[in-house]
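Chemist:
Residue numbers (my numbering), protein chains in the order written: chain V, 1 to 356; chain E, 357 to 537.
#1: Between residue 380 of chain E and residue 228 of chain V, what straight-line distance do the alpha-carbon atoms span, to the nearest angstrom?
#2: If you draw a straight line from the C-alpha of residue 246 of chain V to the C-alpha of residue 46 of chain V, how long is it?
#3: With three or more beta-carbon pairs closer than 8 Å as the criterion, would you say the stretch 217-227 of chain V touches the stretch 284-304 of chain V?
#4: DSSP three-state label for residue 385 of chain E, please.
#5: Quick check on residue 198 of chain V: buried or exposed, where buried means 16 or more other Cβ atoms within 10 Å of its Cβ?
#6: Please say whether residue 476 of chain E and residue 346 of chain E have beta carbons closer to each other than 9 Å?
#7: Quick one: measure Cβ to Cβ for residue 212 of chain V and residue 307 of chain V, integer angstroms, because I've assumed they're closer than 8 Å.
#8: Once you ignore the five residues that flank residue 22 of chain V on each side, which residues in its own chain have a CB closer than 6 Å to its CB?
#9: Compile a chain-ordered list of the residues in the stretch 495-507 of chain E whose CB is closer than 8 Å to at least one CB of chain V.
#10: Compare the C-beta of residue 524 of chain E against all C-beta atoms of chain V and say whether one is closer than 9 Å.
#11: Which of the three DSSP states, helix, strand or coil, is assigned to residue 255 of chain V?
#12: Ordered along the chain, which non-local residues of its own chain (more than five positions away) have a Cβ less than 6 Å from that of residue 161 of chain V?
#13: Go to residue 416 of chain E, then tell me how far its alpha helix (DSSP H) extends in each direction, as first and last residue.
#14: Is residue 489 of chain E close to chain V, meaning its C-beta is less than 9 Å from at least one C-beta of that chain?
#15: Does the contact criterion of 3 or more C-beta pairs under 8 Å hold for the stretch 21-35 of chain V versus the stretch 100-116 of chain V?
#16: Please check if any C-beta of chain V sits within less than 9 Å of the C-beta of residue 416 of chain E.
#17: Should residue 409 of chain V and residue 318 of chain V be called a contact, given that it needs their Cβ atoms to be closer than 9 Å?
#18: Distance check for residue 425 of chain E and residue 419 of chain E, CA to CA, integer angstroms please.
#19: CA-CA distance, residue 82 of chain V and residue 386 of chain E?
#20: Pairing CB atoms from the stretch 129-142 of chain V with CB atoms from the stretch 393-400 of chain E, are three or more of them under 8 Å?
#21: Whole-angstrom Cβ separation of residue 444 of chain E and residue 488 of chain E, contact assumed at under 8 Å?
#22: Whose C-alpha, out of E:486, E:519, E:530, is nearest the C-alpha of residue 506 of chain E?
#23: Could you list the residues in the stretch 409-436 of chain E with a C-beta less than 7 Å from some C-beta on chain A, going in chain order?
#24: I need the DSSP call for residue 329 of chain V, collapsed to helix, strand or coil.
#25: Return the CA-CA distance between residue 268 of chain V and residue 277 of chain V, expressed in angstroms with no decimal places.
#26: Kindly say whether residue 89 of chain V, judged by its beta-carbon, lies nearer than 9 Å to any beta-carbon of chain E.
#27: Beta carbon of residue 66 of chain V, beta carbon of residue 94 of chain V: below 9 Å?
#28: For a contact meaning CB atoms closer than 7 Å, what does residue 441 of chain E contact in chain V?
#29: Could you give the first and the last residue of the continuous beta strand (DSSP E) run that contains residue 60 of chain V?
#30: Taking the beta carbon of residue 539 of chain E as the centre, do at least 16 other beta carbons fall within 10 Å, making it buried, or is it exposed?
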């Protein structure tokens, strides 16, 4: 059987260009020693371990639960230099809000919680790369290249002692780190929903100048008592949280807060009525929110409205990745939401949709 | 039937107990936002992983008001355990009515090289130690329209003219701030 030259040529070409697995992007993600699978959090070009320079990565857990955190390093050829799976460069069960530091070597000036031992065939990182992995992507990290041998000594007692060399390194996040504030990292599962499709409207407009940006969310839904709203004139702040599916998972894209109490202009921000509460801020001081209406009522009559505009309005980069979930909630746990799977408009300047 | 009822009550009590035993608010994500001493509530603007106060290294935050009106600006720092170590509400790390275009600097301690408008005194929460090794931070303000930079700085050295002094210059490194939407 004769094999056409073109097929042989193609096969030869494929053999020549078929990439070996390597480096921060296509090396398979590890599993931590507790059996939990790692997710990619951030990439770090410029990991250095050479000539008494080491790299420290400092990460804070922004997730609501404990997470495993690891740092994988790769040499200049893309060969991984440590096995997080065996605990090298890994810290398990880092509690919410805690900060941990993983480094390529111990340094005299910084504190490290874990130090990586390079594994053969990798012996130096001159210069390499790294990736932060964790069981939850909601981490915020800083990286520093650090002189491992010098410390900061008072020049009055040691005029010749040189302080350490320090330089910030830039991490590239796979997805934006979890925003802080009251919005949870992922949508709450038990919010009150509209009773039928189309009963909640979402409109986002990204304009130039940004003073023309607009947000409108209208919701009509299940029965809600005035007591469910808490008392925003004193204690109950309200937050609007918008999530889409960026990266294939629910990702917080917008968080806007109407804080409890306070004065907007010369009047109280929140006013109570017999059926609910209304927030009005002509100054748009808080996240560009100008109006929030909370109206209690029986099924089909309860209404919510959030309006914002202007440059202070947090705005996600459009278009969004459906399905989009919007939730309005208080700190007390009561929340209302709507899901938008099929937007009417979803482009770089506008998002408009009626709820599922 | 009675055994089943008792079991249900037991489970309810257990769940209730577990509810109370949930994690305490900690770190820059779920620690409640402060209210400034002028009564204005704060919003989160930046998260700062890698706030360091250790071995004569300190962290300076430099923030400029980009808003059209005066704003309050504050820095909250958290130690490695996630404990909040200063009170913006009580004025520690807080600046009130920062004018349009003005820039303020708050640091974990004074440094010889940089200018600070205010320095923090750590409370005894969390580790209880007078250091952050290594911690995190949260820049809060009454408006999102502020811009900040953070620098880890050697607090003892200054830049001297090498023609007249052999003293070495200080260590400085920028840390990566995360702006919140």
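Glycine residues also receive a C-beta, built at the ideal position from the N, C-alpha and C atoms.
Modeler: With the structure as the only source:
#1: Residue 380 of chain E sits at position 24 when you count from the first residue of the second chain. Residue 228 of chain V sits at position 228 when you count from the first residue of the first chain. Model confidence at residue 380 of chain E stands at a pLDDT of 47, short of 50, so the residue's coordinates are unreliable and nothing is read from them.
#2: By one-based count along the first chain, residue 246 of chain V stands at place 246. By one-based count along the first chain, residue 46 of chain V stands at place 46. Rounded to the nearest whole angstrom, the C-alpha separation of residue 246 of chain V and residue 46 of chain V is 27 Å.
#3: With contact defined as three or more Cβ pairs closer than 8 Å, the stretch 217-227 of chain V and the stretch 284-304 of chain V are in contact.
#4: In the second chain, the residue the question calls residue 385 of chain E occupies position 29. Note: residue 385 of chain E maps to helix in three-state DSSP.
#5: Taking the first chain and counting its residues from 1, the one referred to as residue 198 of chain V is at position 198. Flag for residue 198 of chain V reads exposed.
#6: Since the displayed chain E opens at 357 and closes at 537, residue 346 of chain E lies outside it and no answer follows.
#7: Mapped onto the first chain, residue 212 of chain V falls at position 212. Mapped onto the first chain, residue 307 of chain V falls at position 307. The Cβ separation is near 14 Å, so there is no contact.
#8: Against the first chain, residue 22 of chain V aligns to sequence position 22. Contacts found: 78.
#9: Of all residues in the stretch 495-507 of chain E, the ones placed with a Cβ closer than 8 Å to any Cβ belonging to chain V are 498, 499, 500, 501, in chain order.
#10: By one-based count along the second chain, residue 524 of chain E stands at place 168. It does: the Cβ of residue 524 of chain E has a partner Cβ on chain V nearer than 9 Å.
#11: Locating residue 255 of chain V in the first chain gives position 255, where the first residue counts as 1. In the structure shown, residue 255 of chain V falls within a strand segment according to DSSP collapsed to helix, strand and coil.
#12: By one-based count along the first chain, residue 161 of chain V stands at place 161. Within the same chain, 153 come within 6 Å of residue 161 of chain V by CB-CB distance, once the 5 residues on both sides are set aside.
#13: For the purposes of this step, residue 416 of chain E is taken as residue 60 along the second chain, with counting starting at 1. Residue 416 of chain E -> not in any alpha helix (DSSP H); beta strand (DSSP E) instead, spanning 413-421.
#14: By one-based count along the second chain, residue 489 of chain E stands at place 133. Closer than 9 Å: yes.
#15: No: the two stretches stay apart, fewer than three of their Cβ pairs being nearer than 8 Å.
#16: Locating residue 416 of chain E in the second chain gives position 60, counting from the first residue. Between residue 416 of chain E and chain V, the shortest Cβ-Cβ separation is not below 9 Å.
#17: This structure cannot settle anything about residue 409 of chain V, because the visible part of chain V is limited to 1 through 356.
#18: Reading the second chain from its first residue, position 63 is the one you call residue 419 of chain E. Reading the second chain from its first residue, position 69 is the one you call residue 425 of chain E. Cα to Cα, residue 419 of chain E sits roughly 15 Å from residue 425 of chain E.
#19: For this step, residue 82 of chain V is matched to residue 82 along the first chain. For this step, residue 386 of chain E is matched to residue 30 along the second chain. Approximately 33 Å, taken between the alpha carbons.
#20: Taking 8 Å as the limit for Cβ pairs, the verdict is that the stretch 393-400 of chain E does not touch the stretch 129-142 of chain V.
#21: To locate residue 444 of chain E, count along the second chain from 1; it is residue 88. To locate residue 488 of chain E, count along the second chain from 1; it is residue 132. Not confirmed; about 16 Å, so no contact.
#22: Within the second chain, the letter at position 150 stands for residue 506 of chain E. When each option's Cα is compared against that of residue 506 of chain E, the closest is E:530.
#23: Although the question refers to chain A, the structure presented lacks it and instead comprises the protein chains V and E.
#24: By one-based count along the first chain, residue 329 of chain V stands at place 329. Under the three-state reduction of DSSP, residue 329 of chain V is assigned to strand.
#25: Mapped onto the first chain, residue 268 of chain V falls at position 268. Mapped onto the first chain, residue 277 of chain V falls at position 277. A straight-line Cα-Cα distance of about 12 Å links residue 268 of chain V and residue 277 of chain V.
#26: If you number the first chain from 1, residue 89 of chain V lands on position 89. Not closer than 9 Å to any Cβ of chain E, the Cβ of residue 89 of chain V fails to qualify, so no.
#27: The sequence position of residue 66 of chain V within the first chain is 66, counting from 1. The sequence position of residue 94 of chain V within the first chain is 94, counting from 1. Annotated as proximal: residue 66 of chain V and residue 94 of chain V, with beta-carbon spacing under 9 Å.
#28: For this step, residue 441 of chain E is matched to residue 85 along the second chain. Neighbours of residue 441 of chain E on chain V: none; closest Cβ ~12 Å, over 7 Å.
#29: By 1-based counting over the first chain, the position of residue 60 of chain V is 60. Boundaries of the beta strand (DSSP E) harbouring residue 60 of chain V: 53-61, taken from the DSSP string.
#30: Not covered by the structure: residue 539 of chain E. The range shown for chain E is 357 to 537.
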